[in-house]
Amino acid sequence: MSYNLEEQDQIESLRDFWGRWGTPISSLVLIVALAWAGYAGWQWWQVRQTTQASALFAQISKELQAGDLPKAAPAWTDLQNKFSSSPYAQMGGLRMAKAYADAGQTAAAEDLLHWTSEHAESTSYRAMALLNLSALQVDAKQLQAALATVKQSPAPAFDALFATRRGDIEVLLGKPQEARKSYEDALRLLPADSSYRQLVQIKLQSVGGLAS
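Now the structure itself:
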């Protein structure tokens, strides 16, 4: 097959272009392809991780709902060890801690709440773990430790609850002035229409504060 002069010129230009830029372009195409393959692989891995973590959490929930803590424990160990950064591990930690606390195994419950508060990427889960941990510490008469646990809220949405809990602990420590300030802080942080305000106001009045 013969080409006309214009076609031959185009072919020569293409050959010249490819001779100069063919290797860089091939490299770029390869880089883009590898990047896409890596992204697709990461997405697949993420979905697989989530699916496996979800299945373990479902198993934990099923066993705990049936009241079988010993059967839930192995699934929790797998979830904790293999998917510690997953939200399912954080939820599982909270559920297992409650189950251990209900079973009277407070040391195990405290350990799990410590773990959850340290590993949770979600500030909300971290806050829930700390509030529950402080409650167990209060029950164990570890008041200074409980106060330190709720010294600062990790999530703004929980600021008022943390302030209220500090006030409760300060009352138990015989520090009414500090408790008053904590309850006042809680009221300041709560929305005006929050039903929780009434309870905090009662607590504030009990330590000589004025209801607002």
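The sequence shown maps to residues 7 to 218 in the working numbering.
All C-beta atoms, glycine included, are put in the ideal place defined by N, C-alpha and C.
Kindly list the residues whose CB is nearer than 7 Å to the CB of residue i, restricted to its own chain and excluding five residues on each side of it in sequence; keep chain order.
i, result
"GLY214", "PRO182, ARG186"
"ALA107", "ALA115, LEU142"
"THR155", "LEU136, LEU139, SER140, GLN143"
"ARG171", "LEU137, SER140, VAL156"
"SER60", "TYR94"
"LEU167", "LEU137"
Ordered along the chain, which non-local residues of its own chain (more than five positions away) have a Cβ less than 6 Å from that of residue i?
i, result
"LEU62", "ALA81, ASP84, LEU85"
"GLU184", "GLU176"
"LEU205", "none"
"TRP51", "Confidence at TRP51 is low in this model, with a pLDDT of 44, below 50, so its placement is unreliable and no value can be given for it."
"LEU118", "GLY99, MET102, ALA103"
"PHE164", "ALA133"
Does the Cβ of residue i have 16 or more other Cβ atoms within 10 Å, making it buried, or fewer, making it exposed?
i, result
"SER188", "buried"
"ARG194", "exposed"
"ALA64", "exposed"
"ALA113", "exposed"
"ILE208", "exposed"
"ASP145", "exposed"
"GLU69", "buried"
"ALA152", "buried"
"ALA109", "exposed"
"ALA126", "buried"
"SER130", "exposed"
"ALA192", "buried"
Pick from the options: whose alpha carbon is nearest that of residue i?
i, options, result
"ARG132", "GLN111, THR112, SER91", "SER91"
"MET134", "SER212, GLN150, GLY98", "GLY98"
"LYS77", "ASN87, ALA105, GLN96", "ALA105"
"GLN96", "TRP121, GLU190, SER67, ALA151", "TRP121"
"ALA169", "LYS147, TYR202, ALA126, LYS88", "TYR202"
"GLN71", "MET102, LYS88, ALA152, ALA192", "MET102"
"LEU149", "GLY173, LEU210, TYR94", "GLY173"
"LEU75", "GLN111, GLN58, LYS88, ASN87", "GLN111"
"SER159", "SER123, LYS88, LYS147", "SER123"
"LYS88", "THR56, GLY73, ALA161, PHE164", "THR56"
Say whether chain D places a C-beta atom closer than 7 Å to the C-beta of residue i.
i, result
"ASP199", "The structure shown contains no chain D; it holds only a single protein chain."
If you drop the 5 nearest sequence neighbours on each side, which residues of the same chain put their C-beta closer than 8 Å to that of residue i?
i, result
"SER128", "PRO93, GLN96"
query: Is it true that the region 198 to 207 meets the region 174 to 181, where meeting means three or more beta-carbon pairs spaced less than 8 Å apart?
result: With a cut-off of 8 Å, the region 174 to 181 and the region 198 to 207 do not count as touching, because too few Cβ pairs lie within range.
task: Could you pull out every unbroken alpha helix (DSSP H) segment of at least 4 residues lying fully inside the region 66 to 102, listed in chain order?
output: Look at the region 66 to 102 and you find these whole runs of alpha helix (DSSP H), each 4 residues long or longer: 75 to 88.
- request: Give, in chain order, every unbroken run of the alpha helix (DSSP H) that is at least 4 residues long and sits entirely within the region 133 to 158.
  value: Runs found: 149 to 155.
Ranges of the alpha helix (DSSP H) found wholly within the region 152 to 212, counting only runs of at least 4: Whole alpha helix (DSSP H) segments, 4+ residues: 165 to 178, 182 to 195, 202 to 212.
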